[in-house]
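These notes concern the structure reproduced below.
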Amino acid sequence: MIAGGEQTHDSSVMDQVGDNIIHHVSNSSLDHPLIHLPLVFGIDLSVTKHVFMLWIVAIVVACAIIIPIQKYLQKNNPVPSGWMNLLEMIVKFIRDSIVKPNIGSKYTETWAPMILTFFFFILFANGIGLIPIFDLLGVLNRFIFQVPASDNHNIINALLHGGVTATGNFNVTAALAVITFFTILIAGTRAHGFINHWKNLVPPGLAWPVYIILIPIEIIGMFVKPFALTMRLAANMTGGHIAILAILSFMAIFAEMFNSATTGMGVALFSVPLATAISGLEIIVVLVQAYVFTLLSAVFIGMAINVHH
Amino acid sequence: MENLHLFGVGVGLGLIVIGAGIGIGRLAAGAAEGIARQPEASDKIIAAVNLPLFLLEGVAILGEVFALLIVLMK
Chain Y
2 MIAGGEQTHD
12 SSVMDQVGDN
22 IIHHVSNSSL
32 DHPLIHLPLV
42 FGIDLSVTKH
52 VFMLWIVAIV
62 VACAIIIPIQ
72 KYLQKNNPVP
82 SGWMNLLEMI
92 VKFIRDSIVK
102 PNIGSKYTET
112 WAPMILTFFF
122 FILFANGIGL
132 IPIFDLLGVL
142 NRFIFQVPAS
152 DNHNIINALL
162 HGGVTATGNF
172 NVTAALAVIT
182 FFTILIAGTR
192 AHGFINHWKN
202 LVPPGLAWPV
212 YIILIPIEII
222 GMFVKPFALT
232 MRLAANMTGG
242 HIAILAILSF
252 MAIFAEMFNS
262 ATTGMGVALF
272 SVPLATAISG
282 LEIIVVLVQA
292 YVFTLLSAVF
302 IGMAINVHH
Chain E
139 MENLHLFGVG
149 VGLGLIVIGA
159 GIGIGRLAAG
169 AAEGIARQPE
179 ASDKIIAAVN
189 LPLFLLEGVA
199 ILGEVFALLI
209 VLMK
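Residue numbers (my numbering), protein chains in the order written: chain Y, 2 to 310; chain E, 139 to 212.
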């Protein structure tokens, strides 16, 4: 929100607002990554801000989830206290109300760890994107250390739009959905055997013309499931941020339209509370989207295991 | 005439909101009615409503993303 505003002085605010918003929610360009890395097999492995956010998420998940649970499991007297109470509640909720009803009690212990991993990773990735820590760093950088916005080599300037949700990038959610895709295949194969899993895609005992229509539909459906997972999560996480930024941008737009700073301040009276309210809505969306991704993954895995034909 | 795509996006966004609103409204009405008739089944009703609700929401948000893409990719 802070950085893009001063890059082009000659164009009007209306032209800058769209670029600024897109710059905020999208990944950093490959010309100015945080860390330059060489090409490997023609793939640019440079560290961009979304990759950096993924590292932060990994560190936070390790510190907040993995280490406390490992410590707790090593204790002789396993009575949960403090943070472990909350973790145990969440784990129990996921296992009993997402995994068990959808996958079935036989395979609950097999697939609950993966569903839990999805849940905690997506929850933290979504949640960290809402915390404007990097925007705060940007304010400090600009007004206290006096670094100009055009300095692309300054590390905080490169990070400035870093407070984005890593799950708002389609590539990240696509990777998660690919994991779900292969998990569905593996779950079906483990439950019914390789041949039977593919036979289970269509119900047996129908007339053969039906199969001509049904088999392509089922194969398309196999790929549509992870695609829908990808789009839902990424679009939800991007959409909320765009809405907040667009509502905040009304201040600049109206101030320029009426050519007075007072109008901008007047609009701020409406747009700042509205943006705050949408931030509150975003907190719900963060929780719900983590829940939805895990729920749908569990449902799809369960569909491969419990075939109702 | 070169800004006609913006007109289409505006109408399309309205249609998305109408469709999602009708869908979510019908789901909520059905769930509320079911719980009112049979309060002890509320857990099952909520669990059954959740999944179609999220699928509906996913379709609506896909439509919004494509509307946004039309504006940005022009």
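For glycine and all other residues, C-beta sits at the position ideal for the given N, C-alpha and C. Every value quoted in this text rests on a predicted model; they were computed, and no experiment measured them.
| query | Along chain Y, which residues have their Cβ under 9 Å away from the Cβ of E:Gly161? | reply | The premise fails here: E:Gly161 is roughly 15 Å from chain Y at the closest Cβ pair, so nothing lies under 9 Å.
| task | Rounded to whole angstroms, what's the CA-CA distance from E:Ile206 to Y:Asn127? Just pull it up for me. | result | Per the sequence presented here, residue 206 of chain E reads as Leu, with Ile not at that position. Distance between the alpha carbons of E:Leu206 and Y:Asn127 is about 21 Å.
| message | For Y:Leu87, tell me which candidate among Y:Val100, Y:Val211 and Y:Tyr73 has the shortest Cα-Cα distance. | response | Y:Tyr73
| query | Y:Met232 CB to nearest chain E CB: under 8 Å? | reply | yes
| message | So if I threshold CB-CB distances at 8 Å, which residues from the segment 91-113 of chain Y count as touching chain E? | response | Ser98 and Pro102
| message | Relative to the C-alpha of Y:Met115, which candidate in Y:Ile134, Y:Phe135, Y:Ile57 and Y:Phe183 has its C-alpha closest? | response | Y:Phe183
| message | Taking its Cβ as the centre, do 16 or more other Cβ atoms sit within 10 Å of Y:Ala4, making it buried, or is it exposed? | response | Residue confidence is low: Y:Ala4 scores 42 on pLDDT, short of 50, so the model does not pin down where it sits. No coordinate-derived value is stated.
| task | Quick one: residues in its chain with C-beta nearer than 7 Å to the C-beta of Y:Ile99, no 5 flanking neighbours on either side, listed in chain order? | result | Ile116, Thr295, Leu296 and Ala299
| field | Short-range partners of chain Y found in the segment 175-188 of chain E, where Cβ spacing is below 8 Å | value | Ala185 and Asn188
| task | Measure the CB-CB distance between Y:Val62 and Y:Phe122 and report whether it falls below 8 Å. | result | yes
| For Y:Val80, the three-state DSSP class (helix, strand or coil) | coil
| task | Report yes or no: is there a C-beta of chain E within less than 8 Å of the C-beta of Y:Gly222? | result | no
| task | Please report the Cβ distance between Y:Ala236 and E:Val203, rounded to the nearest whole angstrom; I am assuming they are in contact, meaning their Cβ atoms lie under 8 Å. | result | 4 Å
| query | Using a C-beta to C-beta distance shorter than 9 Å, which residues of chain Y count as neighbours of E:Val155? | reply | Simply none; closest approach about 13 Å.
| request: Below 6 Å CB to CB, which residues in the same chain sit around Y:Ala253 once its five sequence neighbours on both sides are set aside? | output: Val14
| field | At least three beta-carbon pairs within less than 8 Å, the segment 46-55 of chain Y to the segment 165-172 of chain Y | value | yes
| field | the segment 191-202 of chain E: positions lying closer than 7 Å to chain Y by Cβ | value | Phe192, Gly196, Ile199, Leu200 and Glu202
| Under 7 Å by beta carbon: chain E residues contacting Y:Ala229 | Gly196
| field | Reduced DSSP secondary structure (H/G/I, E/B, other) of Y:Val165 | value | coil
| Counting pairs of Cβ atoms below 8 Å between the segment 149-163 of chain E and the segment 182-199 of chain E, do you hit three or more? | yes
| said: Can you give me the C-alpha to C-alpha distance between Y:Phe171 and Y:Asp20, rounded to a whole angstrom? | reply: 19 Å
| message | Restricting to Cα atoms, I'd like to know which of Y:Ile306, Y:Gln290 and Y:Asn78 is closest to E:Ile199. | response | Y:Gln290
| Between Y:Ile285 and Y:Ala188, is the Cβ-Cβ spacing less than 8 Å? | no
| From the beta carbon of Y:Leu249, is the nearest beta carbon of chain E less than 8 Å away? | no
| message | Considering only their Cβ atoms, is the gap separating Y:Phe251 from Y:Ser280 smaller than 8 Å? | response | no
| request: Evaluate Y:Gln17 with the Cβ neighbour count: other Cβ atoms within 10 Å of its Cβ, from every protein chain shown; 16 or more gives buried, anything less gives exposed. | output: buried
| query | Can the beta-carbon of E:Met187 be found less than 8 Å from the beta-carbon of E:Ala169? | reply | In the sequence on display, residue 187 of chain E carries Val and not Met. Against a cut-off of 8 Å, the Cβ pair of E:Ala169 and E:Val187 comes out as a contact.
| field | Start and end residues, alpha helix (DSSP H) containing Y:Met238 | value | Trp209 to Met258
| task | Give a yes or no on whether the C-beta atoms belonging to Y:Thr231 and Y:Thr190 are separated by under 8 Å. | result | no
| From the beta carbon of Y:Val293, is the nearest beta carbon of chain E less than 8 Å away? | yes
| message | Alpha carbons only, please: which of Y:Leu275, Y:Ala113, Y:Pro210 and Y:Glu219 is nearest the one belonging to Y:Trp199? | response | Y:Glu219
| 9 Å Cβ cut-off: residues of chain C touching E:Leu210 | Of the protein chains in the structure, Y and E, none is chain C.
| request: Could you tell me the distance, in whole angstroms, from the CA atom of Y:Asp109 to the CA atom of Y:Lys101? | output: Here residue 109 of chain Y is Thr; the residue named in the question, Asp, does not match the sequence. Approximately 6 Å between the Cα atoms of the pair.
| message | Taking 8 Å as the threshold (beta carbon to beta carbon), is Y:Gly169 in contact with chain E? | response | no
| field | Neighbourhood of Y:Gly130 by C-beta distance below 6 Å, restricted to the same chain and skipping five residues each side | value | Val165 and Thr166
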